[in-house]
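Written below as structure tokens is the structure these notes are about.
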Amino acid sequence: MSAAQPSRFDTTSEARHLPSRGQPHFRDSIVVLEDVTELACRIDRSIMTLRHAGILDRARAIVLGEFVRCPLPAGVDYSLADVLLDVLAPLGVPIYGGLPLDMASAICRG
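Numbering-wise, the sequence shown is residues 4 to 113 according to my numbering.
Written out as structure tokens, the structure is:
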């Protein structure tokens with residue numbers, strides 16, 4: 004068995020192009036997800052698009068980086084972590100979150 008390779012995917016900008024001939028595949032990969040200034044509902048929809056397209060089916064693990072300025076609707080009693088776990092848990096792979104990958108922060112700094 005080969006070692007898992009990390010794959011970075013900007014959830015919303017990439018998912019809107021699916022399905023296509025050039026769609027990514029994450030077989031035996033560790034998928035890194037993070038985003039900046041995106042609504043939580045759009046992140047949810049983008050990840051669901053990836054799931055329904057089968058793109059995440061053979062990933063070995065999911066790593067959640069930073070989700071900077073990704074607001075939830077006002078007055079809700081759940082967090083973005085709850086949303087992410089809800090859509091990713093059915094994959095049945097390890098999910099690691101809160102990792103300071105600093106890519107999102109670097110984007111914000113310009």
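No residue lacks a Cβ here, since even glycine has one placed at the ideal position from N, Cα and C.
Please list, in chain order, all residues of the same chain as residue i whose beta carbon is under 8 Å from its beta carbon, the five residues on each side excluded.
i: residue 64; result: 7, 33, 34, 96, 97, 98, 99
i: residue 46; result: 14, 15, 38, 70, 73, 83, 86, 87
Comparing alpha-carbon positions, which option in the options lies nearest residue i?
i: residue 61; options: 87, 53, 104; result: 53
i: residue 29; options: 40, 56, 76; result: 56
Quick check: residue i and residue j, are their CB atoms within less than 9 Å of each other?
i: residue 42; j: residue 91; result: no
i: residue 36; j: residue 66; result: yes
What number of angstroms, rounded off, separates the C-alpha of residue i from the C-alpha of residue j?
i: residue 80; j: residue 44; result: 14 Å
i: residue 102; j: residue 49; result: 21 Å
i: residue 40; j: residue 31; result: 29 Å
Looking only at its chain, what residues have a beta carbon closer than 6 Å to the beta carbon of residue i, apart from the 5 residues adjacent to it on each side?
i: residue 104; result: 68
By Cβ distance below 7 Å, which residues in the same chain neighbour residue i in space, the five residues on each side in sequence not counted?
i: residue 51; result: 90
i: residue 2; result: Beyond the ends of the chain as shown, which are 4 and 113, falls residue 2; an answer cannot be given.
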